[in-house]
Amino acid sequence: MADNRPIDLSVPSAARMYDWLLGGHFNYEADRLACEELLRYAPTTKALARNNRWFLERVVRALAEEHGIKQFVDFGSGLPTQNNVHQVAQAVHRDARVVYVDNDPVVLAHGRSILDSHDGNATIIEGDMTHPEAVFESAEFGRLIDLKERTAALFISVLHCVKDRDDPAGIVRRVVSRLKPGSFVVICHLVSDDVGLRDQVTDLMRKQTDDHWGRVREKWEVDRFFENLTLHRPGLVDVTDWRPDSDLRQHDRSVEWMDYGGMAEVPPRSARTDP
């Protein structure tokens, strides 16, 4: 189901705030002011955003190089930036295919302007990850992604934007149910052991984004997203520590909260216990 909200640039969006934290240019005054307020609660959040992005690069490269994955679906993809999924994957497999999914009008506009000049093996479609079936059934998705082949579904720092009532764990299960065994799911999610920080940031983001936000969760809640999946090394960790590069560019890290997650494989259907 597409989100047809009109563009209101006075309301910050999580995608544009993330872009600003990365030093990008696709953001507006409301996004910048919201980030400045967020940094008062969690001053090292810029480091968190950078390490999240480097995790995305590493995990996509690992999926392409080590597991031969050539199809990627990036749910809640956010604004395009350097070394996006299609660039990393196609550096390994020139014919790798990528579908980005988002419902932010600014993300869609900028993404289409960038991908229109691409070779056709990457596209961005308007879709709501709380309705993954509609995404899978769209014509543009079917043009690039064949679900009879192994596919990687990416939920990179996005499920904390989903409210409990929309059942983020259930969204993952519904996506997994459509994937061929041997496919992969990558999830990372904002977590904190500090209940005060969790509540403060959740309240701030709900107010700033006009309630387009879920909540900062605890590790055990994210663990549930991986039920009936086979975790690959090093398991579920602060993504800064997920197979870090030897160049040590992850030297700085967030201390108030973390992006927590990992990479897991879809097992044969006979090995699953989901209903």
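Count along the sequence shown from 1, then add 6; that gives the number in this note's numbering.
No residue lacks a Cβ here, since even glycine has one placed at the ideal position from N, Cα and C.
On the DSSP bridge list, what partners appear for TYR34?
Paired residues: none, contrary to the question.
Is it buried or exposed for VAL164, if we count other Cβ within 10 angstroms and need 16 for buried?
buried
Where do the N-terminal and C-terminal ends of the beta strand (DSSP E) with VAL107 fall, by residue?
103–108 is the extent of the beta strand (DSSP E) around VAL107.
Under the DSSP definition of a beta bridge, which residues are partnered with GLN77?
ARG103
Ignoring anything shorter than 3 residues or poking outside the stretch 108–164, list the beta strand (DSSP E) runs there in chain order.
Runs found: 128–132, 158–162.
Is GLN214 buried or exposed, if buried means 16 or more other CB atoms sit within 10 Å of its CB?
buried
Residue closest to TYR106, alpha-carbon to alpha-carbon, out of VAL112, VAL91, ALA97:
VAL91
Could you check whether the stretch 142–149 touches the stretch 112–124, counting it as contact only if at least three pairs of C-beta atoms, one from each stretch, sit closer than 8 Å?
no
Just reading off the alpha helix (DSSP H) that GLU227 is part of, what are its end residues?
225–229
DSSP puts MET269 in a beta bridge; with which residues?
VAL192
Beta-carbon gap between GLU132 and GLN77 smaller than 7 Å
no
Taking a contact to mean a Cβ-Cβ separation below 7 Å, would you say MET135 touches PHE81 in this structure?
yes
Cut-off 8 Å between Cβ atoms - residues of its own chain near ASP200, not counting five sequence neighbours on either side
GLU262, TRP263
Please report the straight-line C-alpha distance between GLU42 and THR51, rounded to a whole angstrom.
10 Å
Between ASN57, SER198, HIS137, VAL222, which has its C-alpha nearest CYS167's C-alpha?
Distances from the CA of CYS167 to each of ASN57, SER198, HIS137, VAL222 were compared; the closest alpha carbon is that of VAL222.
Is the stretch 181–196 touching the stretch 93–108, taking contact as three or more C-beta pairs under 8 Å?
no
Opening and closing residue of the alpha helix (DSSP H) in which GLN93 lies:
91–98
Taking C-alpha atoms, which residue in TRP248, PRO49, GLU271, VAL272 lies nearest to ARG59?
Cα-wise, what sits closest to ARG59 is TRP248.
Helix, strand or coil at THR236 [DSSP, three-state]
strand
Just verifying my parser: in three-state terms, what is the DSSP assignment at VAL201?
helix
DSSP-derived helix/strand/coil call for VAL243
Of the three classes helix, strand and coil, the one that applies to VAL243 here is strand, per DSSP.
Excluding sequence positions up to five away, which residues of its chain have a Cβ less than 7 Å from the Cβ of GLU71?
VAL98
Name the DSSP beta bridge partners of MET264, please?
BP columns for MET264 point to VAL197.
Assuming LEU27 and ALA55 make a contact with CB atoms under 8 Å, what is their CB distance in whole Å?
4 Å
Pull up the distance between the alpha-carbon of ASP122 and that of LEU150, whole angstroms please.
Rounded to the nearest angstrom, the two C-alpha atoms are 15 Å apart.
Under DSSP, the alpha helix (DSSP H) around GLN14 begins and ends at which residues?
Residue identity check: residue 14 is Asp in the sequence provided, not Gln. From DSSP, ASP14 is part of no alpha helix (DSSP H); its letter is neither H nor E.
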